[in-house]
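So the mapping is simple: our numbering equals the position in the sequence shown, first residue as 1, plus 3.
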Amino acid sequence: YFMTFHGGSDVDDVLDAMEYAAYVKDVQHIILDNMQFMITRNNVSSGKWGGNSHFDKFDMQDVAIEKFRKFATDKNVHLTLVVHPRKEDEGTKLGISSIYGGAKATQEADTVLILQ
Numbered sequence: 004y005f006m007t008f009h010g011g012s013d014v015d016d017v018l019d020a021m022e023y024a025a026y027v028k029d030v031q032h033i034i035l036d037n038m039q040f041m042i043t044r045n046n047v048s049s050g051k052w053g054g055n056s057h058f059d060k061f062d063m064q065d066v067a068i069e070k071f072r073k074f075a076t077d078k079n080v081h082l083t084l085v086v087h088p089r090k091e092d093e094g095t096k097l098g099i100s101s102i103y104g105g106a107k108a109t110q111e112a113d114t115v116l117i118l119q
């Protein structure tokens, strides 16, 4: 079963589609590629993220990760979330600190895979 979201998708819309897939299609493993596409500046200016214009993309990512973690736990599904690394110097080995955004992406994860 494939969801067809493109570009900046609202996290709550993605969660609704995930809930449908888990309930109706009995999906047990969901892959979201990628986190950065769901975090759009339009959602900040529209007040989508708590109406706080001081929310930055890292705050939005943390809120989204909290929602995804809660969904995975409540619905008993495995969620693989692709989060690209931040820009590193050429030849630098990637590590936990290379993950784009705040530490929540790795703190909330059951498993972290880093592909170089």
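Even for Gly, the Cβ is constructed at its ideal location relative to N, Cα and C. Please read these numbers as outputs of a predicted model, since none were measured by experiment.
message: Do VAL80 and ALA25 have their beta-carbon atoms positioned less than 7 Å apart in this structure?
response: Against a cut-off of 7 Å, the Cβ pair of VAL80 and ALA25 comes out as a contact.
Within 7 Å, strictly: CB atoms of ASP2 and GLY105: The structure shown does not extend to residue 2, since the chain spans only 4 to 119, so no value can be given for it.
Those residues which DSSP pairs with LEU84 across a bridge: Bridge partners of LEU84: LEU35.
task: Assign ILE117 to one of two classes, buried (16 or more other C-beta atoms within 10 Å of its C-beta) or exposed (fewer than that).
output: Flag for ILE117 reads exposed.
message: Please report the straight-line C-alpha distance between PHE122 and TYR103, rounded to a whole angstrom.
response: A query on residue 122 cannot be resolved here, the shown segment of the chain reaching from 4 to 119 and no further.
query: What is the rounded straight-line gap between the Cα of GLN110 and the Cα of ILE68?
result: Each residue's Cα considered, the two are about 10 Å apart.
message: Taking the beta carbon of TRP52 as the centre, do at least 16 other beta carbons fall within 10 Å, making it buried, or is it exposed?
response: Low confidence applies here, because TRP52 scores a pLDDT of 48, under 50, leaving its location unreliable; read the following figure in that light. So TRP52 counts as buried.
field: Range of the contiguous alpha helix (DSSP H) that encloses THR114
entry: Premise fails: THR114 is in no alpha helix (DSSP H) and is neither H nor E.
field: Simplified DSSP assignment, three categories, for ILE99
entry: In this structure, ILE99 counts as helix in the three-state DSSP scheme.
query: If you draw a straight line from the C-alpha of VAL47 to the C-alpha of PHE71, how long is it?
result: Confidence at VAL47 is low in this model, with a pLDDT of 49, below 50, so its placement is unreliable and the value that follows should be read with caution. Rounded to the nearest angstrom, the two C-alpha atoms are 19 Å apart.
Contacts around VAL115, its chain only, beta-carbon distance under 6 Å, and the 5 residues preceding and following it disregarded: Cβ neighbours of VAL115 beyond the five flanking positions: THR109.
message: Here's the rule: buried if 16 or more other CB atoms are within 10 angstroms of the residue's CB, otherwise exposed. What is VAL27?
response: Per the 10 Å Cβ criterion, exposed.
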